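Engineer:
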Amino acid sequence: MASPDSREEILDSLPVEVSLLRRLESLKELERQNPLGCSPRKERVAEHSWHIGIGVVLLAQYCPTDVDISRAVLLATVHDVVEAFVGDTFAFGNDVAGQQSREESAVAEICSKFPGPGATLLAGLWEEYESQSTPEARFVKGIDAFLPILLNFVNPENSSWREHSVSASKVTKRLERVATSLGPLADLNRRMISQAVAEGHLADG
Numbered sequence: 003m004a005s006p007d008s009r010e011e012i013l014d015s016l017p018v019e020v021s022l023l024r025r026l027e028s029l030k031e032l033e034r035q036n037p038l039g040c041s042p043r044k045e046r047v048a049e050h051s052w053h054i055g056i057g058v059v060l061l062a063q064y065c066p067t068d069v070d071i072s073r074a075v076l077l078a079t080v081h082d083v084v085e086a087f088v089g090d091t092f093a094f095g096n097d098v099a100g101q102q103s104r105e106e107s108a109v110a111e112i113c114s115k116f117p118g119p120g121a122t123l124l125a126g127l128w129e130e131y132e133s134q135s136t137p138e139a140r141f142v143k144g145i146d147a148f149l150p151i152l153l154n155f156v157n158p159e160n161s162s163w164r165e166h167s168v169s170a171s172k173v174t175k176r177l178e179r180v181a182t183s184l185g186p187l188a189d190l191n192r193r194m195i196s197q198a199v200a201e202g203h204l205a206d207g
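Going by my numbering, the letters in the sequence shown line up with residues 3 to 207, in that order.
(1) Could you give the first and the last residue of the continuous beta strand (DSSP E) run that contains Gln102?
(2) Thinking C-beta only, is Arg46 closer than 8 Å to Leu32?
(3) Starting from Lys143, trace the alpha helix (DSSP H) in both directions and tell me its first and last residue.
(4) Where Glu178 and Leu22 are concerned, what is the direct C-alpha to C-alpha distance, given to the nearest angstrom?
(5) Quick one: give me the first and last residue of the alpha helix (DSSP H) that Asn191 is part of.
(6) Looking at Glu129 and Thr136, is the spacing between their C-beta atoms short of 8 Å?
(7) If you follow the beta strand (DSSP E) that Arg43 is in, where does it begin and where does it stop?
(8) If you scan the region 50-81 from start to end, which runs of the alpha helix (DSSP H) of 4 or more residues do you find wholly inside it?
(9) Around the Cβ of Lys1, are there at least 16 other Cβ atoms within 10 angstroms (buried) or fewer (exposed)?
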C-alpha cells in the first residue's frame with residue numbers, strides 16, 4: 003500500500019480555485035462597521051454578501067425594472083470579494099477616496115495569483131457590479147444601500163451612525179445615488195432617516 007500524502011503535499015496540490023476559495027474564507031471574519039439588526043456585534047462581510055443576495059430574491063418585486071434574479075444573486079455574492087485582499091471600506095470613512103484604486107488592484111492580484119477561469123469569472127462579475135452597466139448591478143447596488151440603513155435604524159444603540167457621528171445628509175446622499183433602482187424601498191429608507199434624526203440617533207445636517 004502506498005504511503006499517504008503529507009499534509010503539505012495535499013495542500014500544495016490544491017487546484018488554484020480551491021486556494022482562492024480558502025483565501026476568500028477570511029470574509030467570514032472580516033468586520034464591517036454596520037451592526038447586525040438582531041445583535042450588538044458588527045456584521046461581517048460574508049454575512050453582508052449573503053444578506054444582499056437574500057434581499058435580491060425577496061425584494062426584486064420592488065425593483066422598477068425587470069431583473070434576472072439569478073444574475074443579481076451572483077453579483078451580490080461576489081460584490082465584496084476584493085475585501086479579502088484590501089479590507090472593508092466604511093461608506094462614510096476618510097479612506098473612501100482611494101477605495102476604487104485599491105479594489106482594482108485587488109482584482110488584478112486575484113487574476114495574477116489565482117489564474118484560471120474561476121478568477122476570470124469572479125473578476126468579470128465584480129467589474130459588472132462596479133461599472134453599474136446592467137439593471138442587475140444597479141439593483142444590487144441599491145440593496146447594498148438599503149440594508150445598511152435598515153440595520154442601523156433597527157439597532158440604533160449599536161449603529162455605525164452613532165459610533166461615527168454620521169450626518170443624515172451623508173446617508174441621504176448615498177441613498178439618492180441608487181434611489182431609482184429601489185422604487186418604494188427608497189421612500190421607506192427616507193422615512194427611516196427622518197425618524198432616526200428625530201430620535202437623535204442620526205446627526206442632523
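Glycine included, C-beta positions come from ideal geometry on N, C-alpha and C. Note that the structure is a prediction, hence the values are computed from the model and not measured.
Structural biologist: So, from the listed chains and residues:
(1) Per DSSP, Gln102 is not a residue of any beta strand (DSSP E); the alpha helix (DSSP H) it occupies stretches across 101-115.
(2) yes
(3) In the DSSP assignment, Lys143 falls within the alpha helix (DSSP H) that extends over 137-156.
(4) 35 Å
(5) 186-200
(6) no
(7) Careful: Arg43 lies outside any beta strand (DSSP E) and carries neither H nor E.
(8) 71-80
(9) No information on residue 1 is available, as it lies outside the stretch 3 to 207 that the chain covers here.
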